[in-house]
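Numbers -24 to -1, 1 to 245, taken from mature numbering (1 follows the signal peptide of the UniProt record, and there is no 0), label the letters of the sequence shown in order. Virtual Cβ for every residue (Gly too), placed ideally from N, Cα, C. In this text, all values refer to a predicted model and were calculated from it rather than measured experimentally.
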Amino acid sequence: MWRLGSRTVLAGVVVLATAVPTHAQVLSVDELLARALAPQRFALAPRHKIPYELTADFSATLFLQVHGALVTADAAGLFREWQRTGERTAQHRVTIEHLSLPLLLRPFAGFLRREVEARVARLSSDSPDFHAHDFVIVDTQPGDVYIVAGVHRAIVSEAMDRFKSPAGKNDPATRRLVARWLYSSPLMRTWIMRPGPPYALAATVDGAGLVHALTAFYDWGQTSTKITYGLLNGEPIWTRVVAEIAGEIPDVGSVHGQLSLRFAHYSLD
């Protein structure tokens, strides 16, 4: 009965959406994603002309709670970002010049320093694969701001097969309608959960393509990133980034963590 009902809902979603005109939007989801996924968008200096090199001082505060035990740490150092002609993403490197740890973690200071530096260097490659998801605009906010959400393409395809979508899987408009249904329906949220890469993404993006917030949903929990922008030479630049993780991680247990990064004293070439 549940499966039959879901098939009926899916068919109704497709039919109604093709029959009823949608509200006018300033940007289509295609235009918005093209701007947000441009080569430099996930960079400290998202609009600077390539090639470029940027350095900035950074300070960081980490809060990590595992099994009720709270760990805090502070770090400061030099952040470097560069992008050469022909490169799709910016490269990153961080040098930690100061690291303050709790007494119990101080013997591991060298390992933690190297691990943080290595993770920052992988900042671009560790970002979620946006092209693996079917996105829709789920809401708009004042100031030309859009809330977009995406469901992994494999899950959308599976839903269209399982619930007998009346349209083909290669039709982008239909895929987005199904993605909207899967993401928005409380009844389907448990069904779309999958191990592995994020089964869904949600982001706050402005009309210029600047990402202000990003949440990745996993079967064990979620990660989120919020970005605050300032201006450097009249162009946007990151001034603060707050990243959080929350969930039940296998072999670890309940985890909640927050990393706050602040940038200052930029040098841009």
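Excluding the 5 residues preceding and the 5 following residue i in the sequence, name in chain order all residues of the same chain whose CB lies nearer than 6 Å to its CB.
{"i": "residue 56", "result": "31, 69"}
{"i": "residue 50", "result": "37, 76"}
{"i": "residue 132", "result": "110, 151, 154, 155"}
{"i": "residue 268", "result": "Residue 268 lies beyond the range of the chain shown here (-24 to 245); nothing can be said about it."}
{"i": "residue 29", "result": "58, 245"}
{"i": "residue 219", "result": "201, 235"}
{"i": "residue -4", "result": "At residue -4 the pLDDT is 39, less than 50, meaning the model places this residue with poor confidence and gives no usable figure here."}
{"i": "residue 232", "result": "41, 222"}
{"i": "residue 225", "result": "196, 231"}
{"i": "residue 60", "result": "27"}
{"i": "residue 74", "result": "52"}
{"i": "residue 91", "result": "none"}
{"i": "residue 39", "result": "48, 234"}
Given a cut-off of 7 Å, decide if residue j and residue i are closer than it, judged by their beta-carbon atoms.
{"i": "residue 127", "j": "residue 110", "result": "yes"}
{"i": "residue 103", "j": "residue 238", "result": "no"}
{"i": "residue 174", "j": "residue 189", "result": "no"}
{"i": "residue 159", "j": "residue 176", "result": "yes"}
{"i": "residue 19", "j": "residue 66", "result": "yes"}
{"i": "residue 168", "j": "residue 5", "result": "no"}
Nearest CA to the CA of residue i: which residue from the options?
{"i": "residue 184", "options": "212, 169, 208", "result": "212"}
{"i": "residue 2", "options": "120, 9, 54", "result": "120"}
{"i": "residue 44", "options": "236, 240, 222, 239", "result": "222"}
{"i": "residue 204", "options": "132, 182, 118", "result": "182"}
{"i": "residue 46", "options": "61, 81, 60", "result": "81"}
{"i": "residue 171", "options": "165, 159, 105, 195", "result": "195"}
{"i": "residue 21", "options": "39, 78, 210, 125", "result": "210"}
{"i": "residue 105", "options": "208, 4, 12", "result": "12"}
{"i": "residue 217", "options": "165, 74, 135, 96", "result": "96"}
Buried or exposed: which applies to residue i, given that a residue is buried once 16 or more other Cβ atoms fall within 10 Å of its Cβ?
{"i": "residue 240", "result": "exposed"}
{"i": "residue 10", "result": "exposed"}
{"i": "residue 107", "result": "exposed"}
{"i": "residue 187", "result": "buried"}
{"i": "residue 163", "result": "exposed"}
{"i": "residue 8", "result": "buried"}
{"i": "residue 84", "result": "exposed"}
{"i": "residue -20", "result": "For residue -20, the predicted structure reports a pLDDT of 45, less than 50, and the residue's modelled location is therefore unreliable. The matter cannot be settled from this model."}
For chain D, is any of its Cβ atoms less than 7 Å away from the one on residue i?
{"i": "residue 218", "result": "Of the chains in the structure shown, none is chain D; there is only one protein chain."}
Which same chain residues end up closer than 8 Å to residue i when comparing Cβ atoms and leaving out the 5 residues on each side of it in sequence?
{"i": "residue 268", "result": "One cannot answer for residue 268 here, as it falls past the ends of the chain, which runs -24 to 245."}
{"i": "residue 243", "result": "30, 31, 32"}
{"i": "residue 115", "result": "122, 123"}
{"i": "residue 229", "result": "42, 43"}
{"i": "residue 78", "result": "47, 48, 49"}
{"i": "residue 208", "result": "21, 242, 244"}
Is residue i near the ligand PLP, with its Cβ less than 6 Å from a heavy atom?
{"i": "residue 19", "result": "The ligand PLP is not part of the structure shown, which contains no ligands of any sort."}
To which residues of the same chain is residue i closer than 7 Å at the C-beta, ignoring the five residues directly before and after it?
{"i": "residue 129", "result": "108, 109, 110"}
{"i": "residue 206", "result": "213, 215"}
{"i": "residue 198", "result": "191, 192, 222, 223"}
What are the start and end residues of each continuous beta strand (DSSP E) run of 3 or more residues lying completely inside the stretch 20 to 57, in chain order?
DSSP runs (the beta strand (DSSP E)) wholly in the stretch 20 to 57: 28 to 42.
3-residue-minimum beta strand (DSSP E) runs that sit fully inside the stretch 105 to 178, ordered along the chain
Runs of the beta strand (DSSP E) inside the stretch 105 to 178: 109 to 117, 121 to 128.
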